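Just so we're aligned, residue 31 is where the first sequence starts under our numbering, counting upward by one.
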Amino acid sequence: MDYKMIEEKNRLIFKDMEDFDPKHIFECGQAFRWDLEEDGSYTVIAQGRVLNVKKEDKDLIFFNTTLEEFKRVWFDYFDLGRDYTAIKRELAKDPILKEAIEFGQGLRILNQEPFETIISFIISANNQIPRIKKSIDLIARSYGEKIDEVYYSFPGPEVLSKADPKELREVCRVGFRDVRIVEASKMILNKEVDLDRIYDLNREDSRKLLMELPGVGPKVADCILLFAYKKANAFPVDVWVKRVMEHFYLKKDTKAKEIGEYGDKKFGELAGFAQQYLFYYARELGLGK
DNA sequence: GTCCAGGCTTTCC
DNA sequence: GGAAAGCCTGGA
Numbered sequence: 031m032d033y034k035m036i037e038e039k040n041r042l043i044f045k046d047m048e049d050f051d052p053k054h055i056f057e058c059g060q061a062f063r064w065d066l067e068e069d070g071s072y073t074v075i076a077q078g079r080v081l082n083v084k085k086e087d088k089d090l091i092f093f094n095t096t097l098e099e100f101k102r103v104w105f106d107y108f109d110l111g112r113d114y115t116a117i118k119r120e121l122a123k124d125p126i127l128k129e130a131i132e133f134g135q136g137l138r139i140l141n142q143e144p145f146e147t148i149i150s151f152i153i154s155a156n157n158q159i160p161r162i163k164k165s166i167d168l169i170a171r172s173y174g175e176k177i178d179e180v181y182y183s184f185p186g187p188e189v190l191s192k193a194d195p196k197e198l199r200e201v202c203r204v205g206f207r208d209v210r211i212v213e214a215s216k217m218i219l220n221k222e223v224d225l226d227r228i229y230d231l232n233r234e235d236s237r238k239l240l241m242e243l244p245g246v247g248p249k250v251a252d253c254i255l256l257f258a259y260k261k262a263n264a265f266p267v268d269v270w271v272k273r274v275m276e277h278f279y280l281k282k283d284t285k286a287k288e289i290g291e292y293g294d295k296k297f298g299e300l301a302g303f304a305q306q307y308l309f310y311y312a313r314e315l316g317l318g319k
């Protein structure tokens, strides 16, 4: 991919950037480690780094980074090697997706760190986005390492496997997910579930492997595959996707499993992208209210 | 083996 | 007071 980029001290400016809107990217529920700033920019934490990104007209400004770091960390994080124009062209052949894409045209699927993504989506079960964000932030503050005056990195399995469930519940407010977090961390640390294997497994097998972890069911497994492992054919069915699929494609009270199979079949290798546009669309429409 | 109801912490709207 | 990016358990 070719990008027109200007390098300045402590920041990079990308000119005429297509298919990139921080609001769409961060507010589609795939990531929880970001803050909306007063000037409309977003501050994001990943890989032990803090980045601020702001959209100004058609340009994007990345603060607090260098070209070297951007190439090494953020290019892949923001999935900049992928052609979203082509993906959208293909998906827009479906009239409903065409509409959904108009709402979330600047959406991209991030490549996030596997362990953090696993714990984040274990926390997401029967939970709300503001609370999920809060718990993850509290975990970083309690167990992670200081990056700067404001932000902390997310801890690894070696730390969370030794955490006290009571402390996770009472300090980090994770509720009944406390034991699941600790047990899953143990299984990952001792390679009972070897995360490195997932890159080489297909969606079906990697899903089964992830579901051996406590707190990981079909929906959470698909989120992990999509948001951390580039498995673009994963199609997580949550309440919003259920609503939007039932509203436009299927009848009410369709089982989540059936909706998943329908999505797999209809959208194939692009199912994950379709799911994100639909999720964002459903929330923008306020479906189900 | 599959399917389903009920329970689960806590907070946000 | 109901619902929340669901999962786990026990019973049919």
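C-beta atoms are modelled at their ideal positions from N, C-alpha and C, and glycine is treated no differently. From a predicted model like this one, the values you see are computed outputs, not experimental measurements.
Please list the segments of the alpha helix (DSSP H) lying wholly inside the stretch 103 to 168, counting only runs of 4 or more residues, in order along the chain.
114 to 121, 125 to 133 and 144 to 153
How about Asn365 and Glu222: do their beta carbons lie closer than 8 Å?
A query on residue 365 cannot be resolved here, the shown segment of the chain reaching from 31 to 319 and no further.
What is the C-beta distance between Leu243 and Cys202, in whole angstroms, given that I count them as a contact (C-beta under 8 Å)?
Actually they do not touch by this definition, with Cβ atoms about 19 Å apart.
Minimum C-alpha distance to Phe44 - residue among Thr284, Leu110 and Leu127
Leu110
Give the single residue among Cys253, Glu288, Lys295 and Lys281 whose Cα lies nearest to the Cα of Cys58.
Cys253
Could you give the DSSP three-state label for Met35: helix, strand or coil?
strand
Backbone CA spacing between Leu240 and Ala251 [nearest angstrom]
So the two alpha carbons sit approximately 6 Å from each other.
Quick check: does the Cβ of Glu175 come within less than 7 Å of any heavy atom belonging to the ligand GDP?
For the ligand GDP, the structure offers nothing, since it holds no ligand at all.
Contact the stretch 49 to 63 vs the stretch 122 to 136: 3+ CB pairs below 8 Å
yes
Would you say Ala122 and Tyr311 are within 8 Å of each other, going by their C-beta atoms?
no
Does the stretch 171 to 188 touch the stretch 262 to 281, meaning 3 or more C-beta pairs lie closer than 8 Å?
no
Tell me which same chain residues have a C-beta within less than 7 Å of the C-beta of Lys260, skipping the five on either side of it?
Asn141
How would you label Thr115, buried or exposed, when you count the other beta carbons within 10 angstroms and need 16 or more for buried?
Under this definition Thr115 is an exposed residue.
Is the stretch 220 to 237 in contact with the stretch 158 to 178, if contact means three or more CB pairs nearer than 8 Å?
no
Top-ranked residue by Cα proximity to Val246, from Asn220, Lys272, Phe265 and Arg207
Arg207
So, under 8 Å CB-CB, Pro195 and Ser215 are touching, yes? Tell me the CB distance rounded to an integer number of Å.
That belief does not hold up - the Cβ atoms of Pro195 and Ser215 are roughly 11 Å apart, past 8 Å.
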